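To convert a position in the sequence shown, counted from 1, into the numbering used here, add 19. Virtual Cβ for every residue (Gly too), placed ideally from N, Cα, C. Quick caveat, the model's predicted, so the values are computed rather than measured. In what follows, a structure is listed as structure tokens, so that the remarks can point back to it.
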Amino acid sequence: MCGIVGIIGQAPVAPLIADALKRLEYRGYDSAGVATIESGVLARRRAEGKLVNLERRLQAEPLDGKIGIGHTRWATHGAPNETNAHPHFSDDVAIVHNGIIENFAELRDELVRDGYEFSSQTDTEVIAHLVSREIKRGAAPAEAAHRAIKRLEGAFALAIMFRGDEDLIVGARNGPPLAVGHGQGEMFLGSDAIALAPFTDSITYLEDGDWTIVRRNQAQIFDLGGNPVERHRQQSIGTTLLVDKGNHRHFMEKEIHEQPEVISHTLAHYLDFAGGTWRPLDMPFDFAKLDRLTISACGTAYLAGLIGKYWFERLARLPVDIDIASEFRYREIPLAKGAAALFVSQSGETADTLASLRYCRNAGIPIASIVNVGGSTMARESDLVFPTLAGPEIGVASTKAFTCQLAVIASLAARAAAARGTITREEEKTLIRQLCEAPRLVSETLKLQHRIEKVARELAHVRHVLYLGRDTNYPLAMEGALKLKEISYIHAEGYAAGELKHGPIALIDETMPVIVIAPHGRMFEKTVSNMQEVAARGGKIILITDGKGAEQASVKAFETIVLPDAPDLIAPIVYALPLQMLAYFTAVFMGTDVDQPRNLAKSVTVE
Ligand code: F6R
20 MCGIVGIIGQ
30 APVAPLIADA
40 LKRLEYRGYD
50 SAGVATIESG
60 VLARRRAEGK
70 LVNLERRLQA
80 EPLDGKIGIG
90 HTRWATHGAP
100 NETNAHPHFS
110 DDVAIVHNGI
120 IENFAELRDE
130 LVRDGYEFSS
140 QTDTEVIAHL
150 VSREIKRGAA
160 PAEAAHRAIK
170 RLEGAFALAI
180 MFRGDEDLIV
190 GARNGPPLAV
200 GHGQGEMFLG
210 SDAIALAPFT
220 DSITYLEDGD
230 WTIVRRNQAQ
240 IFDLGGNPVE
250 RHRQQSIGTT
260 LLVDKGNHRH
270 FMEKEIHEQP
280 EVISHTLAHY
290 LDFAGGTWRP
300 LDMPFDFAKL
310 DRLTISACGT
320 AYLAGLIGKY
330 WFERLARLPV
340 DIDIASEFRY
350 REIPLAKGAA
360 ALFVSQSGET
370 ADTLASLRYC
380 RNAGIPIASI
390 VNVGGSTMAR
400 ESDLVFPTLA
410 GPEIGVASTK
420 AFTCQLAVIA
430 SLAARAAAAR
440 GTITREEEKT
450 LIRQLCEAPR
460 LVSETLKLQH
470 RIEKVARELA
480 HVRHVLYLGR
490 DTNYPLAMEG
500 ALKLKEISYI
510 HAEGYAAGEL
520 KHGPIALIDE
530 TMPVIVIAPH
540 GRMFEKTVSN
550 MQEVAARGGK
560 IILITDGKGA
570 EQASVKAFET
580 IVLPDAPDLI
590 APIVYALPLQ
600 MLAYFTAVFM
610 GTDVDQPRNL
620 AKSVTVE
């Protein structure tokens, strides 16, 4: 969840490292640091809080070295302060680390017995001392790093630098991603291709268990046993479309507004809009022959999968098992032949989702993934990747990646229905036509911004919010609640509307806003009955519906947000928008850090 960078350059590297860290700040942002070697001496600058604090520190006290490593942190071990900020030093060794060292307590005790003193509470410092001890025992720097890496259990991506060698960075990967970037007379290491984008687009991703010796003119990669291995060098694409808010106040706002375009790009990968037909896909399984589909993901991506369950089961009569990945990976779920697995992830790096993918891989069933970051670990480990073409999502709260995931899943469910003969050719054409309408309807929904802003102004004063929905609007209710709590810190829960009377109704009084997602459709009347139950207890209803729903809701709502009519299949894509905007404006009114909310990180590479 932290971001790491290393550069062996031809000019002072600290400004370049700070620049690369900016592009990695989405991975963690509670402290940051840079170390370089200047005239043979290890020097570092670190700062608590956002990267801007480190930039100020570097302006006041610049670093000159032509080799350096940098880090932006999401705290696991130890408070987010300057002492725990990376890089960590031990004698002649400087290190940055992303991940968690699970046997750190045991290693620390061993090092303390050997006389090492610890100046931070981090697990990372253990690695610095281990490497340094191997050097003292006579190993050359790279070999010392290799020996230390072999002692580590857990998840890590590392970059290590050594005083006295201004042409060497050792990198290692076990879990979190790490890429080598190839330049002309300069070399780079980074957590992802985005970090390295302005420097190079020629990238080699390390695989789990790999470690690398990076020098100005080359990088050699080895397996854990020390044997040289060949890894594919590739051109990374699209990474220069970066990190610019345009005219928007926040990345989240920009990403919300990009949705018509990115949903359209994504759908165009699966559909021929003009011909009204599917584009061919090289599937690792045949939907027609599948007995079950197993879906696993985390957070918002999981909720996209949960909406998918309704679609696959209803349209294609394909039974779906779905679970959050942190549970799935340990549940020892029996996976029968005839099943296929589908993973959903924006980053393609989420540790729990990746572990679930590997569980299914070991069970021998075909693996497909819906991912946004091409070249990510999940993309590389899947039999088939269904890309979402949302572009880089920088705001920590997922918006455009979610609706693009829904667009992909909806088109897969419709395609599965056609393959399984559960819909007629006419119905198939109608579904394709409906999918093609999604970008336009999303664009129209964006025009409701001012109305939604008004509701958000009210929400900014409350402590708790309940979201209700039935059918696909139930996962959407959970997504609305998740969005609100993560960026505004208001406590929010999403419930199936029919479940209200089994407990949550006890929470309702006149101070409780209840957001009801109820387009006019098959579950409308039932949801209105649940609204009656809320109204009878004085709850403040905010109804999100369409024209017919607004007309026919027999309960007086405190506010009604009226969306354009949307066909059933794509309604969740359209209805995601007001939920995202409500959360966004509420957070803006409350003055929270919308793009980088507290305690969160964009890419969760630890379990
Ligand atoms: C919420 C959010 C998270 C992610 C989750 C999975 O707004 O962004 O809940 O959806 O951490 O991340 P990915 O999709 O990268 O696997």
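Name the two residues that bound the continuous alpha helix (DSSP H) containing H510. Premise fails: H510 lies in the beta strand (DSSP E), 510-515, not in any alpha helix (DSSP H).
Helix, strand or coil at P247 [DSSP, three-state]: In the structure shown, P247 adopts extended strand secondary structure according to DSSP, grouped into three states.
Please work out which residues of its chain come closer than 6 Å, Cβ to Cβ, to F324, disregarding the five sequence neighbours upstream and downstream, and give them in chain order. Note that residue 324 is Gly in the sequence shown here, rather than Phe. Counting only Cβ-Cβ distances below 6 Å, and skipping sequence neighbours, we find I314, A316, I341, V363.
Would you call the stretch 532-547 in contact with the stretch 568-576, where contact means no fewer than 3 C-beta pairs closer than 8 Å? yes
In terms of residues, what are the limits of the beta strand (DSSP E) holding F175? 173-181
Would you mind giving the Cβ-Cβ distance between I413 and Y135, rounded to the nearest angstrom? I have them listed as a contact below 8 Å. At roughly 39 Å, the Cβ-Cβ gap does not stay under 8 Å, so I413 and Y135 are not in contact.
Within 10 Å of its beta-carbon, does P353 have 16 or more other beta-carbons around it, so buried, or fewer, so exposed? exposed
With a 10 Å radius around its C-beta and 16 neighbouring C-beta atoms as the bar for buried, classify H483 as buried or exposed. Flag for H483 reads exposed.
Whole angstroms is fine: what's the gap from H278's alpha carbon to R311's? Sequence check: residue 278 is Gln here, not His. Spanning the two alpha carbons is a distance of roughly 31 Å.
Between which two residues does the beta strand (DSSP E) holding E644 run? The first residue shown for the chain is 20 and the last is 626, placing residue 644 beyond what the model contains.
Kindly indicate which residue of G204, G89, R192 has the alpha-carbon position closest to the one of T223. By alpha-carbon distance to T223, the top candidate from G204, G89, R192 is R192.
L260: buried (16+ other C-beta within 10 angstroms of its C-beta) or exposed? Any answer about L260 is weak, because its pLDDT of 47 lies below 50 and its placement is not dependable; what the coordinates show is given next. When all chains shown are included, L260 counts as exposed.
For a test of the three-state rule: what should DSSP assign to I413, helix, strand or coil? coil
If we ignore side chains and look at the alpha-carbon of each, how far apart do H96 and T231 end up? 26 Å
By alpha-carbon positions, which one of P99, Y289, E101 ends up nearest to P299? The shortest Cα separation from P299 among P99, Y289, E101 belongs to Y289.
With which residues is P406 paired in a DSSP beta bridge? V390.
Using three-state DSSP, classify L82 as helix, strand or coil. coil
Could you check if T319 belongs to the surroundings of ligand 1, using beta carbon to heavy atom distance under 6 Å? yes
Check whether the Cβ atoms of A525 and Y493 lie closer than 7 Å to each other. no
Whole-angstrom distance between P217 and D49, CA atom to CA atom: 24 Å
Just how far apart, CA to CA, sit L197 and G190? Each residue's alpha carbon lies about 8 Å from the other.
At which residue ranges does the stretch 546-593 contain complete beta strand (DSSP E) runs of 3 or more residues, listed in the order of the chain? 559-565, 578-582
Which residues does DSSP pair with N193 in a beta bridge? F175
Can you look up H116 in the DSSP assignment and give me helix, strand or coil? strand
Span of the alpha helix (DSSP H) holding V131? 123-132
Those residues which DSSP pairs with A238 across a bridge: V233
Pull up the distance between the alpha-carbon of A238 and that of L376, whole angstroms please. 30 Å
Give me whichever residues DSSP pairs with Q254 in a beta bridge. S221
According to DSSP, is V481 part of a helix, a strand, or is it coil? coil
Measuring straight from C-alpha to C-alpha, what distance separates M302 and H510? C-alpha separation (whole angstroms): 42 Å.
With three or more C-beta pairs closer than 8 Å as the rule, is the stretch 144-162 touching the stretch 99-114? yes
For the stretch 422-434 against the stretch 382-394, are there 3 or more C-beta pairs whose distance is under 8 Å? yes
In the DSSP assignment, the beta strand (DSSP E) including G200 goes from what residue to what residue? 198-201
Within this structure, are the beta carbons of A307 and R127 separated by less than 7 Å? no
Below 6 Å CB to CB, which residues in the same chain sit around G28 once its five sequence neighbours on both sides are set aside? K85, E205
Consult DSSP for H288 and reduce its assignment to one of helix, strand or coil. helix
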